[in-house]
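*Asks:* The working numbering numbers the first residue of the sequence shown as 186 and each following residue consecutively. Using N, Cα and C, we set each Cβ at its ideal position, and we do this for glycine too. Please see the structure below; I have some questions.
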Amino acid sequence: MIDASIIDDLANKMSQIIPPELKKLHQDFEDQARRILKSQLSQLDLVTRDEFDVQAKVLQKTRAKLESLELQVLELEKLVNPKS
186 MIDASIIDDL ANKMSQIIPP ELKKLHQDFE DQARRILKSQ LSQLDLVTRD EFDVQAKVLQ
246 KTRAKLESLE LQVLELEKLV NPKS
């Protein structure tokens, strides 16, 4: 899930575009923007950068292990069928 401070910061930045003559709507707009952002972003299947990095490392190790096992299988096949 996205850090709440990021959503708050984004909602605040969005509310800054309101013209000065409508500043009384500033807080209402910011609150509404924050609610909408939280609602919409919660529907997305997002992961943090740390979670992504961990999974990337796991995938890298798994790929290396797979390549090692493939080589072992080839060597064993050569032992079983030396003519192939």
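1. Measure the alpha-carbon distance for residue 262 versus residue 268 and round it to whole angstroms.
2. Enumerated in chain order, which unbroken segments of the alpha helix (DSSP H) with a length of 4 residues or greater are wholly contained in the stretch 187-211?
3. Can you list, in chain order, the residues of its chain whose CB lies under 7 Å from that of residue 260, leaving out five sequence neighbours each side?
4. Hey, how far is the Cα of residue 191 from the Cα of residue 201?
5. On the criterion of 16 or more Cβ atoms from any shown chain inside 10 Å, does residue 196 qualify as buried, or is it exposed?
*Replies:* Inspection of the coordinates gives the following:
1. Within the sequence shown, numbered from 1, the residue matching residue 262 stands at position 77. Within the sequence shown, numbered from 1, the residue matching residue 268 stands at position 83. Computed Cα separation, rounded: 10 Å.
2. 189-200, all fully within the stretch 187-211.
3. By one-based count along the sequence shown, residue 260 stands at place 75. Hits under 7 Å: none found.
4. Here residue 191 refers to the residue found at position 6 of the sequence shown. Here residue 201 refers to the residue found at position 16 of the sequence shown. Between residue 191 and residue 201, the C-alpha separation is close to 15 Å.
5. Taking the first residue of the sequence shown as position 1, residue 196 is located at position 11. Buried, because 16 or more other Cβ atoms sit within 10 Å of the Cβ of residue 196.
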